[in-house]
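Numbering (this note's numbering), first residue to last: 7 to 350.
We put the CB at the ideal spot given by N, CA and C, even for glycine.
Report on the structure given below.
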């Protein structure tokens, strides 16, 4: 059993959700082990307060972020570094972390010089979900298998706020329409169609998202397609909630509808079912972990058309590039999956 473990996973929200499951496995199996997680500033707002975890917040937007990380570490040495991010910036930051064992990804999942910053690697696997790939780091250091849990804490104030909202909404479904890139968003017309059907079934549509322009733009496009009556029946919380508030609200929702974006994985951490909307990435790799079977995807079609091969013939994680693939998702299929999950 390692006495001290440092985890490097700075971003993004979805990947941090996956990493939280692995971290929870360690802290539950080895409660006496000192666990330190180097994490991004925004992502920390979601997982802060996790039991038996020391967080070192790294504001990667700052030019002196690496120097600040080195200062925060104070020259200490860990038994193990789990370098769970292959981006060059994460690798570069990790170079200031002293550790006897420096464990990274296998060759197939490595890039940007990742291997230069490690001296061990996890086993190569085929067609592995990102969460399962992260769990391989725990396997590598001998952490016993545990029941899957994320254990992201939500304080009483945020739970109370969410319950107050839920009391006003009645039954509700959260729509988190925005991915980090606009090309991964479904159509505004598609979302508006789902909103209309939810309202017809006396279920409140609640639109959630961050304060960024992608979230704001698609939300405005959706609202422009909704009638005045529908506006009075839906709730728009885009740019209003904190990450913890959004998580607390998701825990009370009937389900969440989202593309390949952080909120889909946030909902999974509180075991709320998700209808994932996918085209550019393989849902078997990055889909909502507990409800992949309810994902609506045209990924196979997109890959076949763009590459002339099936995804099974290409490197795992190959992405489709076309800008219009999300428009191929059919509202009827999305609605059928929602109806199945919420039993209507």
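Inter-residue Cα distance where the pair is residue 94 and residue 119
7 angstroms
Rounded Cβ spacing between residue 75 and residue 99 (contact assumed at less than 8 angstroms):
6 angstroms
Hey, could you find the ends of the beta strand (DSSP E) residue 281 is sitting in?
280 to 284
Starting from the C-beta of residue 111, find all residues in its chain whose C-beta is less than 7 angstroms away, skip the five residues before and the five after it, and write them out in chain order.
92, 120, 127 and 128
Excluding the 5 residues flanking residue 326 on each side, which residues of the same chain have their C-beta closer than 7 angstroms to its C-beta?
285, 286, 305, 308, 309 and 312
So does the segment 64 to 75 actually touch the segment 167 to 183, counting three or more Cβ pairs closer than 8 angstroms?
no
Please give the ranges of any alpha helix (DSSP H) in the segment 300 to 328, keeping only runs that are unbroken, at least 4 residues long and fully inside the region.
305 to 313
Could you give the C-beta distance for residue 103 and residue 28, rounded to a whole number, given that I count them as a contact under 8 angstroms?
So it is not a contact: roughly 18 angstroms between Cβ atoms.
Of all the options 35, 37 and 17, which has the alpha carbon lying nearest to the alpha carbon of residue 48?
17
Measuring alpha carbon to alpha carbon, tell me which residue in 108, 295 and 317 is nearest residue 137.
295
Helix, strand or coil at residue 19 [DSSP, three-state]
helix
Please state the DSSP three-state secondary structure of residue 259.
coil
Going by CA-CA distance only, name the one from 72, 324, 73 and 108 that's closest to residue 8.
108
According to DSSP, residue 84 sits in a beta bridge with which residue or residues?
105
Across the segment 261 to 273 and the segment 178 to 191, are there enough close Cβ pairs to call them in contact, namely three or more that are closer than 8 angstroms?
yes
Pop quiz: residue 257 and residue 282 are said to be a contact at Cβ under 8 angstroms. What is the actual Cβ separation, rounded to whole angstroms?
Contact doesn't hold; Cβ gap of about 18 angstroms is too wide.
Residues in the same chain with beta-carbon distance under 7 angstroms from residue 333, minus the five sequence neighbours each way, listed in chain order, please.
193
Which listed residue (349, 90 and 35) has its alpha carbon closest to that of residue 261:
349
Smallest Cα separation from residue 275: which of 289, 85, 36 and 154?
154
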